[in-house]
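Shown next, in structure tokens, is the structure this report addresses.
Chains as they are written, first to last, in full-length UniProt numbering: chain A, 1 to 317; chain B, 1 to 317.
Written out as structure tokens, the structure is:
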């Protein structure tokens, strides 16, 4: 349920490169041309364009983009143009290096829990290639305390992906989670073990069991202190497994709401989900806010940045 | 530096299957024939034989083997015939399920530290396929205390594999290791973080720095209590990175030495290293014990089991 729109007849890669080169040259940059090409090509097509562009002009496409545009628009075009695994590696590296528990753990949770196990491993491979270190190495070196204890195994996991569920285990681990939460032992080894190693299917069974047994969703019990960043990280993990569309809807909602816009989060969610499930997220947004997401984005952003996001949201130009 | 010997003219796969089938049939089993084929085929050839055998006879080769032979000989043939990643998954599963800190952690340390990062990931994939769970999930569910804290990240790591070394970091992390060891804080988060996330090249630089700075190898400081299983696990990690041949030599030496033989360890090391570096290990053994490893193995084992191990050690039949 992507929002990305790709023309039915995509021009040859050489033509795309040629057009992009023209957009960068001469007085001023043709931003509309950049958007009309890159925001309407899928990951494989963008990869082919990057390769052909470097071969033809002896310069990286991303380098040319960075030289010509700037600010939020630049960040959106760069992040979008990157391969999904490379993009996640870049996002993870940013938050690992400038560690801040709240925003940092949110990005890492999304990468660890809202992508599949194979995709998470591809991110770790891209991280090696780009940064000459491992993702877990950087997170372990910068994050601290309970956040480190939780996030290092979270991003190191290679979870089983099958549908098999052990109902007895769901029962016993729902009980463990409940007991630890009752005692406010949120950073307990057992909570971390369960959340970081069990398969998605098994975890969903455990959370359902929790709901059945204790009369309300586990996330309600994890809201004891709404301002606690660690609790909010635990809730984000659970939501990324159970209802990623509603999780992402909320991140976008908070990015737009109130004074000022959180462009970083807005760009991250739109570029990482446009080819995945952004249609579901826009539906969740409309349902929750009674406003189309496109209108909300248009109201909070402007210029080429706005046009780029709206193109990725699938709005007709 | 493998010991495996493969004939210069390997028979067609169909002939190998045919011969194996004959070895299993009729009164009694032709063990010598099984050894003469399987112990002289490399991983790709064994894989091809398994596939062709299943296609031809509608039964798994490993199943046929299990029906016909038993004991240590069976275990050696089965482990050897498995693909390297699948074999490691089986070994890891055995120790995870019947958890015992000493032997269990040794097997996991070998798989995590004496294989490359890509091979470790292949083991995790094979584990999913075979056991419908993840390796880290089973280790986390069975191991306890400091062992769990150490082994779960150890087997979840995807270490950077490049040669780059940060000398400043080697310096500062050698200091951290030294301080924690001085205070006997062996299970400290920082020791675990360093050992489980840094690349092999970086770790070796750190251990060298430790030696330079404090006048003796880190492993000497980790011998405070020679009977402590956790300390011995830390030393095994360091040795698997720094000198895998000498590490494996010692495991074999201890398996053979004294009253009785530790067949499990002997079989494990010979089957996992015959295609990798068993020649180096036999050289290290000869040097350390003034006896050829083949002679020591022959002295401590017998029958088909002995013949299987000697074949894998490259001894002419």
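C-beta: ideal position from N, C-alpha, C; glycine also.
These numbers were taken from a predicted model, which means no experiment stands behind them.
Our two residues, residue 254 (chain A) and residue 92 (chain A), have alpha carbons roughly 21 Å apart in a direct line. CA-to-CA, the gap between residue 12 (chain A) and residue 69 (chain A) works out to about 25 Å. Excluding the 5 residues flanking it on each side, residue 35 (chain A) has same chain C-beta neighbours closer than 6 Å at 307, 308 and 311, in chain order.
For residue 244 (chain A), same chain residues with a beta-carbon under 6 Å away, outside a window of 5 residues either side, are 114 in chain order. Of the candidates A:25, A:184 and A:201, A:201 places its Cα closest to the Cα of residue 162 (chain A). Residue 175 (chain A) has a beta carbon lying at 8 Å or more from every beta carbon in chain B.
With the criterion set as a beta carbon lying under 9 Å from some beta carbon of chain A, the members of the stretch 89-117 of chain B are 117, in sequence order. Under the Cβ criterion of 8 Å, residue 230 (chain B) is not counted among the residues facing chain A. At a cut-off of 8 Å between beta carbons, residue 160 (chain A) contacts chain B. The beta carbon of residue 43 (chain B) is closer than 7 Å to those of 83, 84 and 275 in its chain, skipping five residues each way along the sequence. Rounded to the nearest whole angstrom, the C-alpha separation of residue 234 (chain A) and residue 110 (chain A) is 12 Å.
In terms of Cβ geometry, residue 120 (chain A) and residue 127 (chain A) do not form a close pair [threshold 8 Å]. Apart from the 5 residues on each side of it in sequence, residue 6 (chain A) sits with its Cβ closer than 8 Å to the Cβ of 40, 41, 42 and 45 in its chain, given in chain order.
Between residue 233 (chain A) and chain B, the shortest Cβ-Cβ separation is not below 8 Å. One finds 134, 136, 137, 140, 141 and 152 in chain B with Cβ atoms closer than 8 Å to the Cβ of residue 197 (chain A), taken in chain order. Two segments are said to touch when three or more pairs of C-beta atoms, one from each, lie closer than 8 Å; by this definition the stretch 143-155 of chain A touches the stretch 225-241 of chain A.
When C-alpha distances from residue 300 (chain B) are compared across B:263, B:166, B:24 and B:279, the shortest belongs to B:263.
For residue 182 (chain A), the uninterrupted alpha helix (DSSP H) segment begins and ends at 167-182. With a cut-off of 8 Å on Cβ pairs, the stretch 186-205 of chain B is in contact with the stretch 157-171 of chain B, counting three or more such pairs. With a threshold of 16 other beta carbon atoms within 10 Å, residue 172 (chain B) falls short and is exposed.
Using a Cβ-Cβ cut-off of 8 Å, residue 171 (chain A) does not count as an interface residue toward chain B, since no Cβ of chain B sits closer than that to its own. At least one C-beta of chain A is nearer than 8 Å to the C-beta of residue 164 (chain B).
DSSP, reduced to helix, strand and coil, places residue 243 (chain B) outside both helices and strands of the structure shown, so it counts as coil. By the Cβ neighbour-count rule, residue 56 (chain A) is exposed, with fewer than 16 other Cβ atoms within 10 Å of its own.
Restricting attention to A:266, A:279 and A:271, the CA atom closest to the CA of residue 298 (chain A) is found in A:266. Annotation: the continuous alpha helix (DSSP H) that includes residue 57 (chain B) extends over 43-57. Taking the CA atoms as reference points, residue 108 (chain B) sits about 20 Å from residue 226 (chain B). For residue 99 (chain B), the secondary structure class from DSSP, reduced to helix, strand or coil, is coil.
Restricting attention to alpha helix (DSSP H) runs no shorter than 4 residues, the stretch 91-147 of chain A encloses them at 101-113, 117-131 and 135-142, ordered along the chain.
Going by DSSP, residue 270 (chain A) is part of the alpha helix (DSSP H) stretching over 263-273. For residue 62 (chain B), the CB contacts under 8 Å within the same chain, skipping 5 residues up- and downstream, are 50, 78, 81 and 82 in chain order.
Comparing alpha-carbon positions, the option among B:160, B:124 and B:106 lying closest to residue 132 (chain A) turns out to be B:160.
DSSP, reduced to helix, strand and coil, places residue 16 (chain A) within a helical segment of the structure shown.
Judged by DSSP secondary structure, residue 300 (chain A) falls within the alpha helix (DSSP H) whose first and last residues are 293-300. Rounded to the nearest angstrom, the gap between the Cα atoms of residue 116 (chain A) and residue 303 (chain B) is 49 Å.
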